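Everything below concerns the one structure shown next.
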Amino acid sequence: MHYAPINASDLIPITGAYRHRLAPPQVAGYEGVGTVVQAPSTFQHLLGKRVLPLRGMGCWQRYVDVKAHLAVSVPDDITMTLAARAYINPLAALLMLKKWPVAGKHVLITAGGSACAMLLAQWAQLQGARRVVVAHRSPAHAARLHAMGLDAVLESATDAIQALSAQSDVVFDAVGGDVGQRIWQTLPEQAHFVAYGVLSGKPVQVNAGRPLLHWFHVRHTLGDINTVEWQQLFAEVWPLLRRSDCGEVEIFPLSGWRAAIETYHQSGRARKPLLCLDA
Numbered sequence: 001m002h003y004a005p006i007n008a009s010d011l012i013p014i015t016g017a018y019r020h021r022l023a024p025p026q027v028a029g030y031e032g033v034g035t036v037v038q039a040p041s042t043f044q045h046l047l048g049k050r051v052l053p054l055r056g057m058g059c060w061q062r063y064v065d066v067k068a069h070l071a072v073s074v075p076d077d078i079t080m081t082l083a084a085r086a087y088i089n090p091l092a093a094l095l096m097l098k099k100w101p102v103a104g105k106h107v108l109i110t111a112g113g114s115a116c117a118m119l120l121a122q123w124a125q126l127q128g129a130r131r132v133v134v135a136h137r138s139p140a141h142a143a144r145l146h147a148m149g150l151d152a153v154l155e156s157a158t159d160a161i162q163a164l165s166a167q168s169d170v171v172f173d174a175v176g177g178d179v180g181q182r183i184w185q186t187l188p189e190q191a192h193f194v195a196y197g198v199l200s201g202k203p204v205q206v207n208a209g210r211p212l213l214h215w216f217h218v219r220h221t222l223g224d225i226n227t228v229e230w231q232q233l234f235a236e237v238w239p240l241l242r243r244s245d246c247g248e249v250e251i252f253p254l255s256g257w258r259a260a261i262e263t264y265h266q267s268g269r270a271r272k273p274l275l276c277l278d279a
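In terms of the UniProt record's numbering, the sequence shown is residues 1 to 279.
Given below as structure tokens:
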């Protein structure tokens with residue numbers, strides 16, 4: 001292994017929130033990038049190649065044992081630090097936009113400082129959304145969002161959020177809590193509210209059949225996807241990443257994992273914490 005990022009999905013099981021399906025001791029980390037040093041005979045072509053070791057835990061360590069058919073080859077022009085971040089957030093954004101297309105629609109996205117929200121916003125534009133508005137918690141994110149040609153609004157601007165919600169066709173929400181609840185309650189009946197995270201710790205509560213609320217999880221959506229379909233998803237992801245602003249990173253040695261996690265939780269953070277796993 002060379003690098004592994006810190007994501008919300010990595011930290012949730014550490015807190016014990018996934019205790020119903022985790023049996024410690026386990027190594028954390030759902031994504032990263034490494035070089036193949038050993039492979040079965042039918043996958044010898046991967047020796048010495050960079051791959052993403054995915055669909056399991058344990059990426060925060062020097063060596064990871066992965067099922068060979070699930071290893072995703074990294075194109076030569078993709079940097080190591082970008083490859084390390086090419087699974088959790090990019091695949092979530094891609095799958096959500098496949099399931100809830102936004103061409104010609106008004107789109108509202110929360111958690112505007114997060115990597116997934118940034119990709120969702122950019123790719124919604126590419127898909128032909130009529131308007132994309134990103135709600136963010138920290139004013140520090142506004143300049144970057146505007147530079148991407150996106151409309152930005154503070155999550156604390158209650159009146160503005162409600163006015164935007166009333167005009168939205170699709171919402172992608174990773175916050176929940178009061179912000180998510182206010183948006184859902186103000187949406188037109190025909191709108192779709194896609195909840196893919198609960199950063200507030202409080203899920204949105206619904207008391208009516210419409211507007212529709214959908215829960216999205218990458219793991220559930222992938223289900224029993226076959227090898228060809230799995231590899232094809234990344235054939236779609238790489239070109240999108242090449243033309244996107246994927247943000248900067250801040251690299252920490254594995255021994256500095258505590259500082260990396262503290263950095264992850266900083267409001268207004270501009271760089272994604274990455275663990276360097278090389279000796």
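Glycine included, each C-beta is placed from N, C-alpha and C at the ideal position. Since the model is a prediction, treat every value here as computed from it, not as a measurement.
Per DSSP, reduced to three states, the secondary structure at Ile225 is coil, with no helix or strand assignment.
When the Cα atoms are used, Ala195 and Leu119 turn out to be separated by approximately 16 Å. Excluding its 5 nearest sequence neighbours in each direction, Thr227 has C-beta neighbours in its own chain below 8 Å: His69, Leu70, listed in chain order.
Judged by DSSP in its simplified three-state form, Thr35 adopts strand. Residue environment for Gln122: buried (at least 16 other C-beta atoms within 10 angstroms of its C-beta). One alpha carbon belongs to Gly268, the other to His217, and they sit about 25 Å apart. Between Thr186 and Ala160, the gap from beta carbon to beta carbon reaches 8 Å or more. Along the UniProt domain "Alcohol dehydrogenase-like N-terminal" (1–76), the alpha helix (DSSP H) occurs as fully enclosed runs of 4 or more residues at 8–15, listed in sequence order. Taking Ala103 as reference, the option from Ala83, Gly128, Leu95 with the minimal CA-CA separation is Gly128. Short of 8 Å from the beta carbon of Val153, and not among the five residues preceding or following it, lie these beta carbons of its own chain, in chain order: Val133, Val134, Ala135, His136, Ala160, Ile161, Leu164. The Cβ neighbour count for Ala208, taken over all protein chains shown within 10 Å, is under 16; the residue is labelled exposed.
Membership of Arg182 in the alpha helix (DSSP H) is indicated by the continuous run 177–186. Taking Trp215 as reference, the option from Pro75, Gln231, Gln232, His192 with the minimal CA-CA separation is His192.
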